[in-house]
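Enquirer: Chains U and R, in that order, are what the protein sequence lines are. In terms of the numbering used here, the first sequence has 81 at position 81, counting the first letter as 1, and numbering is strictly consecutive. Throughout, the numbering used here is defined as the position within the second sequence, counted from one, plus 210. By construction, the Cβ of each residue, glycine as well, lies at the ideal position given by its N, Cα and C atoms. All values reported here derive from a predicted model rather than from experimental measurement.
Protein chains: 2
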Amino acid sequence: MASSLPKKKRDKTMQRIFNAAQKTFADKGFDGARMDEIARLAKVNKATIYYHIGDKRTLYERILNEIFSGIADSLLQNDDPVSPAEERLRTFIRMLAGLIDRNADLAAIMLREQASGAKDFPETLAQDFARIIGLITEILDDGVKTGIFKQTTPVIVHLMAIGTMVFTKMSSPIRSKLAGHVAAFDNIGNRLENEVAAEIEDLILGAVRK
Amino acid sequence: MASSLPKKKRDKTMQRIFNAAQKTFADKGFDGARMDEIARLAKVNKATIYYHIGDKRTLYERILNEIFSGIADSLLQNDDPVSPAEERLRTFIRMLAGLIDRNADLAAIMLREQASGAKDFPETLAQDFARIIGLITEILDDGVKTGIFKQTTPVIVHLMAIGTMVFTKMSSPIRSKLAGHVAAFDNIGNRLENEVAAEIEDLILGAVRK
DNA sequence: AAAAAGTTTAACCAGTTGGTTAAACTAACC
DNA sequence: GGTTAGTTTAACCAACTGGTTAAACTTTTT
């Protein structure tokens, strides 16, 4: 495709670097990731990364920002504040499941960030988190007011939703190995969508519903 | 305390190394952890680690084994197969919450292992996992038979329980920072036990109850 | 008490890795 | 066409890090 847009070459190079970095950080974590490998994956000289973006930590934070602002945008754009709270919560969970399922890197990076306890948590990230928590708080409050949800702590419900999905998504290889050990083991495969996502959705709805 | 037991010095040294290693791996991850730091924390010469245990990966796998076999033992020992399924599930969740709350390193290490997708997952670990999944499967089946639980996929319920607790535990610093951003933000602090653990317990019970 | 077995230590090292640099190359501008 | 600004590259390097070694030290055994 002959440069579909008159976009600057700079942007294309940057995008290749970001893609490579996201995959590498997801697979190996910040400390395990090698700048040489990111460069190789991006088909770019290592010095080009330093020229365009900066050092390893800066590159990593850019990736984090891209990911979490993307999630927050998705969730907020797809929320319809006038529909019933149950529908809104289902949409919220379904969107999240879709994002995680379409991009396993998200799950890995979220887990690692959570494990690091948000040491050196950049301010911009906090704002995206706040947007997400704000939304689910609003949805749950809505449900409580209309009498269909019981009183819960929104953060916990949110952590339940995201924790369940991320763990389910990433545990796929472990579950495959386990299939040989537990007799009645129900292997649910790698996919989060469809039946599995639907079950998670139902479980969480069951948890908050009055 | 003047050597409370005639235990060999070896065991004491080993224990110091394991403690230091667990903390370091939890804080920094496998790649981020430095053997020199583990040695310093354990107040032992680095070579002593290699003499008693072996290389970094071996040390790490020992820690993993200690942690997960401990969890599996705790859960199985505290299960009372003749009590009602709801009680058994509550005990299961409460035990897990207690373990995670008493030792934050568990949560961090679990998250990182999950993020790595169980690459080079040692066989012994698989057996402990199998024991845990076997137990919760039995409990949930029990509840389905006695008509109090709906039909669910045990692995998913288990991942929901563990995911929720681990995420809640480790998100404490993020939540503190967030408290400044979201107006109606409900900061639940660092503790998992008491109210928060009780709420998680109720949420999960609500999710699986008919 | 001396020999043997077990444990600790300081010093060392080779391979790796994040980051730099100066020169070459390319696109834009006059 | 030539000059300038922007971009890419190969080669390089200093700091770090997992792991080793040989010698010293301690405990157990005979």
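At the level of alpha carbons, what is the spacing between residue 259 of chain R and residue 220 of chain R?
Expert: Here the question's residue 259 of chain R lines up with position 49 in the second sequence. Here the question's residue 220 of chain R lines up with position 10 in the second sequence. Straight-line Cα distance between these residues: approximately 11 Å.
Enquirer: What are the start and end residues of the alpha helix (DSSP H) that includes residue 117 of chain U?
Expert: Here residue 117 of chain U is taken as the residue at index 117 of the first sequence, counted from 1. No alpha helix (DSSP H) holds residue 117 of chain U; DSSP gives it neither H nor E.
Enquirer: Determine, using beta-carbon pairs with one atom in the stretch 38-49 of chain U and one in the stretch 16-27 of chain U, whether at least three such pairs fall under 8 Å.
Expert: Segments in contact, yes.
Enquirer: Within this structure, are the beta carbons of residue 242 of chain R and residue 31 of chain U separated by less than 8 Å?
Expert: As a working note, residue 242 of chain R is residue 32 in the second sequence. As a working note, residue 31 of chain U is residue 31 in the first sequence. In this structure, residue 31 of chain U lies closer than 8 Å to residue 242 of chain R by Cβ.
Enquirer: Which residue wins for smallest C-alpha separation from residue 105 of chain U, given the options U:15, U:198, U:54, U:27?
Expert: By one-based count along the first sequence, residue 105 of chain U stands at place 105. With distances taken between Cα atoms, residue 105 of chain U lies closest to U:27.
Enquirer: Which whole-angstrom value describes the C-beta separation of residue 370 of chain R and residue 164 of chain U, a residue pair presumed to lie in contact below a C-beta threshold of 8 Å?
Expert: In the second sequence, residue 370 of chain R corresponds to position 160, counting from 1. In the first sequence, residue 164 of chain U corresponds to position 164, counting from 1. Contact flag correct, Cβ pair sits at about 4 Å.
Enquirer: Three or more beta-carbon pairs under 8 Å between the stretch 325-345 of chain R and the stretch 380-387 of chain R, yes or no?
Expert: These segments do not touch.
Enquirer: Just the C-alpha distance for residue 85 of chain U and residue 289 of chain R, rounded to the nearest angstrom, thanks.
Expert: The sequence position of residue 85 of chain U within the first sequence is 85, counting from 1. The sequence position of residue 289 of chain R within the second sequence is 79, counting from 1. Straight-line Cα distance between these residues: approximately 38 Å.
Enquirer: Enumerate in chain order the residues of its own chain whose CB-to-CB distance from residue 144 of chain U is below 7 Å, with the five nearest sequence positions on each side excluded.
Expert: Residue mapping note: residue 144 of chain U aligns to position 144 of the first sequence, counting from 1. So the list reads 151, once near-sequence residues are dropped.
Enquirer: State buried or exposed for residue 405 of chain R, treating a residue as buried only when at least 16 other CB atoms are found within 10 Å of its CB.
Expert: As a first step, residue 405 of chain R must be located in the second sequence, where it is residue number 195. Residue 405 of chain R comes out exposed.
Enquirer: Quick one: does residue 408 of chain R have its CB under 8 Å from some CB of chain U?
Expert: Here residue 408 of chain R refers to the residue found at position 198 when the second sequence is read from its first residue. No, residue 408 of chain R lies away from the interface with chain U (no Cβ there is under 8 Å from its Cβ).
Enquirer: Should residue 376 of chain R and residue 320 of chain R be called a contact, given that it needs their Cβ atoms to be closer than 8 Å?
Expert: The residue given as residue 376 of chain R occupies position 166 in the second sequence. The residue given as residue 320 of chain R occupies position 110 in the second sequence. A contact, by the Cβ cut-off of 8 Å.
Enquirer: Quick one: is residue 17 of chain U buried, meaning 16 or more other Cβ sit within 10 Å of its Cβ, or exposed?
Expert: What you label residue 17 of chain U is simply residue 17 of the first sequence in a count that begins at 1. Its Cβ being crowded by 16 or more others within 10 Å, residue 17 of chain U is buried.
Enquirer: Out of R:244, R:358, R:413, R:223, which one is the CA nearest neighbour of residue 262 of chain R?
Expert: Position 52 of the second sequence, counting from 1, holds the residue named residue 262 of chain R. When only C-alpha atoms are compared, the closest one is R:223.
Enquirer: Looking at the secondary structure, which residues open and close the alpha helix (DSSP H) in which residue 83 of chain U lies?
Expert: Along the first sequence, read from residue 1 onward, the residue named residue 83 of chain U stands at position 83. Residue 83 of chain U -> no alpha helix (DSSP H), and no H or E assigned at all.
Enquirer: Counting beta carbon pairs with one atom in the stretch 126-139 of chain U and one in the stretch 57-74 of chain U, are three or more of them shorter than 8 Å?
Expert: Segments in contact, yes.
Enquirer: Apart from the five residues on each side of it in sequence, which residues of its chain come closer than 6 Å, Cβ to Cβ, to residue 415 of chain R?
Expert: Taking the second sequence and counting its residues from 1, one reaches residue 415 of chain R at position 205. Closer than 6 Å at the Cβ level, and outside the excluded window around residue 415 of chain R, lies no residue.
Enquirer: Is there at least one Cβ from chain U nearer than 8 Å to residue 188 of chain R's Cβ?
Expert: Past the boundaries of the shown model lies residue 188 of chain R; chain R is included only from 211 to 420, so the question cannot be answered.
Enquirer: Judging by CA-CA distance, which residue of U:162, U:120, U:158, U:119 is the nearest neighbour of residue 137 of chain U?
Expert: For the purposes of this step, residue 137 of chain U is taken as residue 137 along the first sequence, with counting starting at 1. Cα-wise, what sits closest to residue 137 of chain U is U:158.
Enquirer: Cα separation between residue 88 of chain U and residue 81 of chain U?
Expert: In the first sequence, residue 88 of chain U corresponds to position 88, counting from 1. In the first sequence, residue 81 of chain U corresponds to position 81, counting from 1. Taking the straight line from one Cα to the other gives about 7 Å.
Enquirer: Between residue 410 of chain R and residue 307 of chain R, which are expected to be in contact by the criterion C-beta below 8 Å, what is the C-beta distance as a whole number of angstroms?
Expert: Within the second sequence, the letter at position 200 stands for residue 410 of chain R. Within the second sequence, the letter at position 97 stands for residue 307 of chain R. Confirmed, about 7 Å.
Enquirer: Determine the contact status of residue 29 of chain U and residue 112 of chain U, defining contact as a CB-CB distance below 8 Å.
Expert: Reading the first sequence from its first residue, position 29 is the one you call residue 29 of chain U. Reading the first sequence from its first residue, position 112 is the one you call residue 112 of chain U. Against a cut-off of 8 Å, the Cβ pair of residue 112 of chain U and residue 29 of chain U comes out as a contact.
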